[in-house]
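J.: What follows is a structure written as structure tokens; I'll ask about it next.
Residue numbers (my numbering): 16 to 408.
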């Protein structure tokens, strides 16, 4: 991108990023775009809003609580819902009813957007994108709206008319966008944005020693247990029983009960297990690791790829996470473990084949797009600069 184009795009522009907290990924991608703008394009005014914060309690429950409950307690039912909504006609009764309800319940959000008067909007969830598509069609919104897809998959509900452009995570998603009728010139294969910290080099030795680990040893990072694998402490105990000279970092997040159990377990394996609670510096944990065991959420996978880390994937949410997992399996950057015995086997397999682990890491580095957030901003800002020039001319 030409610096002059970017500066013209920046001049006096306000960018609004809209997300929905249906899982952490949409919010994390939005924050990546906002943080990148603040760090690299200080003249840009970027505001990130949770669209559901302006919706009615009923709407919030449908898009957050109900969704999270469904994927956790009834994943088979969610698979059915995912498939039906992907195949539903845009003008069918279900979508007409849904749009009517959302239009009624999202009036406070539209009022907030009118107050902010953004020059550009970027949506990291399909719900605000669809809402604003209808506003543009009605002549009630006049700024360009862009869509950042947050998985290596394309559900039909992401595709709407009147969008300025779409950002795809990979070439296959871009292909499917064209199949859905989106013009090729409106599609940009930028990757899935990650926080700027994932694009920087981190000193492995320094990060490992901060955790009390040996930087010279093979290190695995376990992020999340749950369906198929079980509790984190149980998974860690099983893995630490595997013969071999390796270490384990386990990220328990805000699960204090699991974190406590992991600390008890760590006393039995001094120097081999590093339990971690919630952190906003996951990149430092990844900098110590040679492999990540994780669920295949789009933003998490993008972070691993940005750091060049191969993965073992488990417990995918039916639909989008299954497609995410398939993409990495096909590309040779990941293996899959459907249960704890399979995970045990995969770890033993890779421990015995360091060349295979190295090959997977190389594939991950090839797929990584650590500067995706920058590319999104540059594309949006350059287009804004060009439109300003055309308007001035």
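In this text, a Cβ means the ideal position worked out from N, Cα and C, and glycines have one as well.
Can you say whether residue 310 is buried or exposed, counting buried as having 16 or more other CB atoms within 10 angstroms of its CB?
T.: Classification for residue 310: buried.
J.: Which of helix, strand or coil does DSSP assign to residue 352?
T.: The answer is coil: DSSP assigns residue 352 none of H, G, I, E or B.
J.: Applying the criterion that 16 or more other CB atoms from any shown protein chain within 10 Å of the CB defines a buried residue, is residue 57 buried or exposed?
T.: Burial call: exposed.
J.: Go through its chain and collect everything with a Cβ distance to residue 291's Cβ below 6 Å, but skip five positions before and after it.
T.: So the qualifying residues of the chain are 266.
J.: Could you tell me which of 303, 334, 338 and 329 sits nearest to residue 322, measuring between CA atoms?
T.: For residue 322, the nearest C-alpha among the options comes from 303.
J.: Quick one: using the 10 Å Cβ neighbour count with 16 as the cut-off for buried, is residue 166 buried or exposed?
T.: Answer is buried; the Cβ neighbour count reaches 16.
J.: Using the rule of at least 16 other Cβ atoms within 10 Å of the residue's Cβ for burial, across every protein chain shown, is residue 194 buried or exposed?
T.: When all chains shown are included, residue 194 counts as exposed.
J.: If you run the structure through DSSP and keep just helix, strand and coil, what is residue 127?
T.: Helix.
J.: Tell me the DSSP secondary structure of residue 279 in three-state form.
T.: Here residue 279 sits in helix by DSSP.
J.: Just to check my reading of the structure: residue 44 and residue 142 have Cβ atoms closer than 8 Å, yes? What is that Cβ distance to the nearest angstrom?
T.: Not confirmed; about 14 Å, so no contact.
J.: Does the region 30-40 come close enough to the region 129-141 that 3 or more CB-CB pairs lie under 8 Å?
T.: Yes: the two stretches touch, three or more of their Cβ pairs being nearer than 8 Å.
J.: Compute the distance between the beta-carbons of residue 387 and residue 207, then report whether it is under 7 Å.
T.: It is a contact, given that the beta carbons lie within the stated cut-off.
J.: Quick check: the Cα distance between residue 211 and residue 50, rounded to an integer number of angstroms?
T.: Those two C-alpha atoms are separated by around 7 Å.
J.: For residue 407, which of helix, strand or coil comes out of DSSP?
T.: Caution is warranted here: a pLDDT of 29 is assigned to residue 407, below 50, making its placement in the model unreliable, and no coordinate value can be reported.
J.: Does residue 167 come out as helix, strand or coil in the three-state DSSP assignment?
T.: DSSP places residue 167 in coil when its eight states are reduced to three.
J.: Count the other CB atoms within 10 Å of the CB of residue 231; is the residue buried (16 or more) or exposed (fewer)?
T.: Looking at its Cβ environment, which holds fewer than 16 other Cβ atoms inside 10 Å, residue 231 is exposed.
J.: Which same chain residues, not among the five before or five after residue 144, have their C-beta less than 6 Å away from its C-beta?
T.: Excluding positions up to five away in sequence, the list reads 138, 162 and 175.
J.: Expressed to the nearest angstrom, what Euclidean distance is found between the alpha-carbon atoms of residue 93 and residue 188?
T.: Using only the alpha carbons, I get a separation of about 21 Å.
J.: Helix, strand or coil, according to DSSP, for residue 95 in the structure here?
T.: In this structure, residue 95 counts as helix in the three-state DSSP scheme.
J.: At what residue ranges does the region 290-315 contain a whole run of the alpha helix (DSSP H), taking only runs of 4 or more?
T.: Runs found: 297-303.
J.: Would you report the Cα separation of residue 133 and residue 318, rounded to the nearest angstrom?
T.: Approximately 29 Å between the Cα atoms of the pair.
J.: For residue 366 and residue 95, I'd like the C-alpha separation in whole angstroms.
T.: Using only the alpha carbons, I get a separation of about 38 Å.
J.: Identify the residues that DSSP records as bridge partners of residue 136: which are they?
T.: According to DSSP, which records beta bridges pairwise, residue 136 is partnered with 31 and 160.
J.: Using DSSP with H/G/I as helix, E/B as strand and the rest coil, what is residue 364?
T.: DSSP places residue 364 in helix when its eight states are reduced to three.
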